[in-house]
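Numbering (our numbering), first residue to last: 711 to 970. Taking it in order: structure first as structure tokens, then the write-up.
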DNA sequence: TGGGTTGTTCGTAC
DNA sequence: CGTACGAACAACCC
């Protein structure tokens, strides 16, 4: 579930259910292997504390308080953060469980084990040290134009590079290129200012729509690429055909006609 | 059976 | 140094 809109959905769940309650326990789930999770000392740091806010930067979700500590969560390909109230059925196979006063629990699910959860002191410091670029929903149009337009790299590769702009992955970078009418292979420094402006506006609107709909395919418009993401399919916006190409080791889907 | 996947990281080549 | 690629990680789908 893991690009910016999905990370935001997870953040909001924490915000709605897990703030301002004292943490009574924090522990890895049963039989968890091959996964880096907080050790005993880090778990102890959480106990007795509260989360007073939940933040997001790119695909990362944070929860903590001004004086710390914080949890930092990367959802990987299949990670989810699920709050459950006392008495509600807990999810299966939780990798990490935080229990709050009153019985609410926050479950970290991570089936494919490509995500992680860590205990950290400060999100801003963590984000800077990891070298993340600005969040895709916080970046200015000027910053965006510089990031994408100042390189001969293919725009899709630039959009997916978390060190340039944080939050966009394979799926939504394709969607953004598709909606902008720009080929994912287009060199950034050959885009006009107008094209860069279109991409920026499209990115902001698209991400907002995804957050509002919970990225639910059934609620998204029929002329979005996500509804036609298959090689050889007719393009829903022109007479073209959906084609594919590997970019940055990932399969990119795009229209062979209206994306230039 | 082989190949693909909405995630990142690492080694390697240019 | 920046860029690009394939493999690896892991579980599941077709």
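We put the CB at the ideal spot given by N, CA and C, even for glycine. As the structure is a prediction and not an experimental result, all values here were calculated from the model.
Distance between residue j and residue i (C-alpha atoms, nearest Å)
i           : j           : result
residue 761 : residue 952 : 45 Å
residue 888 : residue 759 : 45 Å
residue 936 : residue 772 : 28 Å
residue 871 : residue 803 : 31 Å
residue 969 : residue 893 : 5 Å
residue 742 : residue 799 : 20 Å
residue 778 : residue 921 : 28 Å
residue 878 : residue 911 : 15 Å
residue 729 : residue 809 : 12 Å
residue 813 : residue 740 : 19 Å
residue 933 : residue 721 : 28 Å
residue 712 : residue 917 : 13 Å
residue 890 : residue 865 : 12 Å
residue 775 : residue 719 : 20 Å
residue 754 : residue 923 : 37 Å
residue 946 : residue 928 : 16 Å
Environment of residue i [buried if 16+ CB atoms lie within 10 Å]
i           : result
residue 825 : buried
residue 948 : exposed
residue 874 : buried
residue 931 : exposed
residue 787 : exposed
residue 726 : exposed
residue 959 : exposed
residue 850 : exposed
Same chain only: Cβ atoms within 6 Å of residue i, ignoring 5 sequence neighbours per side
i           : result
residue 955 : 962
residue 857 : 874 and 875
residue 735 : 809
residue 896 : 865
residue 766 : 717, 718 and 721
Cβ-based neighbour list, residue i, same chain, cut-off 8 Å, excluding 5 preceding and 5 following
i           : result
residue 914 : 847
Cut-off 7 Å between Cβ atoms - residues of its own chain near residue i, not counting five sequence neighbours on either side
i           : result
residue 747 : 738, 805, 806 and 827
residue 950 : 965, 966, 967 and 968
residue 859 : 898, 899, 901 and 906
Could you tell me which uninterrupted beta strand (DSSP E) segments, each at least 3 residues in length, are contained entirely in the region 731 to 792, listed from first to last along the chain? 733 to 738, 763 to 767, 770 to 774 and 780 to 784
Taking the runs of the alpha helix (DSSP H) that are 4 residues or longer, which of them lie wholly in the region 844 to 886? 851 to 859 and 865 to 870
So does the region 788 to 802 actually touch the region 814 to 824, counting three or more Cβ pairs closer than 8 Å? yes
I'd like the ranges of any beta strand (DSSP E) spanning at least 3 consecutive residues and lying wholly in the region 818 to 848. 826 to 830
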